[in-house]
Amino acid sequence: MNISQISAFRAVMTSSSISEAARKLGRTQPAVSLAIRSLEDSLGFALFERRGRQLVPVPEAHYLHAESQEILDRLSSVTRTMRSLAGGNAGDLNVTAMPGPAALLFPRFVASVIDDLEKVNLSITSRSSQQIEELARSQSIDFGFCDAPVKKRENAQFDSEIISADCFVAVPFSHDTAELDPTRIENLDGVPMGGLQPGHMHQKRTLALFAEKDAAYRKVIESQTFMPLLQFVRKGGCFALVDPLSVVNEMELRSSRGEVAFHRLDCGLRYDYAILSPIHRPLSQIARKVKSQWCESLFQLLDEIGASPRWESKTP
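Our numbering runs 762 ahead of the 1-based position in the sequence shown.
Encoded structure:
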């Protein structure tokens, strides 16, 4: 049996003649007759008795008619599901993002693009950038958002799309330099600074920049992420060179109660983000949709604060 045969059979069962069934289906009368005969041939017995121009269903035909409705209903359900999958509105989605601003901005974004949670088997987690790299390498996620990998490895088993944007300096609002925008590194010579851990690429770039400008970098506090540093900036305890998403996050949450100013730097210190995708795990339609729209949203967020986002590298 096939769907064309079942559709013709049901039309005949609910019509007074072959011609009426053909009109219902938008098919020719010979096509409907042929579908009925081929269905009977496949079953090995006649479903109708021919009485002139009329087809009278045999008892077995009534059983098939009852069962065929379930078949067509199931097919209709599968068709709707497949259309949802193809449109990126249903399916499995396993994504992760690093802590810090992304832990708020990324889940909020995902929630905004998923139309119906009942159609999506969603796993969304927060992991360190190194853990996200390992998950991508082991083909365990659809994609992850994190800091750009420090080293480009051969046979990494994942594609990385790198987006860079300008960093900002977080300044206590009451400080004398609060009006200096953009800020020069020389203005930060010897002032107390909050920074990331020594092994982080951003911290290495910061130290190199201070050395290049012959300015003293005086670190008074160290943190794993930028957000805790802003509380010390708010109290006037330090300055901090922060990534642009921390600026976006702070502008929305206002956790520093408006007591931190964010200034541009005249030297163009950049921060690199990455979207990592396993190369042996083809993306589903919903994963493609979410990933593509996250890239667009990320660029918009960074552009709105004047961070000049750009692709450093992008996989085809």
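We put the CB at the ideal spot given by N, CA and C, even for glycine.
C-beta atoms of P863 and V1010 nearer than 8 angstroms:
The beta carbons of P863 and V1010 sit closer together than 8 angstroms.
Do you know offhand how far Q1062's Cα is from S1070's?
When rounded, the distance between both Cα atoms is 10 angstroms.
Could you give the C-beta distance for L1060 and I925, rounded to a whole number, given that I count them as a contact under 8 angstroms?
So it is a contact: roughly 7 angstroms between Cβ atoms.
Cβ-Cβ separation, R772 to S830 (assumed contact under 8 angstroms), whole Å:
Indeed, because the Cβ distance is near 6 angstroms, the residues count as touching under 8 angstroms.
For a test of the three-state rule: what should DSSP assign to H827, helix, strand or coil?
Looking at H827 - three-state DSSP - the assignment turns out to be helix.
Measure the alpha-carbon distance for M955 versus S1046 and round it to whole angstroms.
Each residue's Cα considered, the two are about 44 angstroms apart.
Run of the beta strand (DSSP E) containing A859, from where it starts to where it stops:
Boundaries of the beta strand (DSSP E) harbouring A859: G853 to A859, taken from the DSSP string.
Selection from V1052, D909, E1074 and L826 that minimises the alpha carbon distance to M775
When C-alpha distances from M775 are compared across V1052, D909, E1074 and L826, the shortest belongs to L826.
For Q993 and P1044, what's the separation of their Cα atoms in angstroms?
Each residue's Cα considered, the two are about 42 angstroms apart.
Please state whether DSSP places L1038 in a helix, a strand or coil.
Here L1038 sits in strand by DSSP.
Proximity below 8 angstroms, CB of K975 to CB of G957:
No; because the gap between Cβ atoms is not below 8 angstroms, this pair is not in contact.
Going by DSSP, which residues form a beta bridge with D909?
Partner(s): Y1035.
Using beta-carbon positions only, say whether S804 and M763 come within less than 8 angstroms of one another.
Yes, Cβ-Cβ distance for S804 and M763 is below 8 angstroms.
Taking the alpha helix (DSSP H) that F994 belongs to, which residues open and close that run?
Start and end: M989 to R996.
On the three-state DSSP scale, how would you describe P954?
P954 falls in the strand class under three-state DSSP.
On the DSSP letters alone, give me the boundaries of the alpha helix (DSSP H) that F972 sits inside.
Looking at the DSSP string, the run of the alpha helix (DSSP H) that includes F972 is M963 to E974.
Identify every residue that forms a DSSP beta bridge with K981.
Beta-bridge pairing links K981 to M955.
Taking C-alpha atoms, which residue in L801, A859 and A898 lies nearest to C908?
Nearest option by C-alpha distance: A859.
Starting from D921 and walking both ways along the beta strand (DSSP E), at which residues does that stretch end?
First-last of the beta strand (DSSP E) with D921: F920 to D928.
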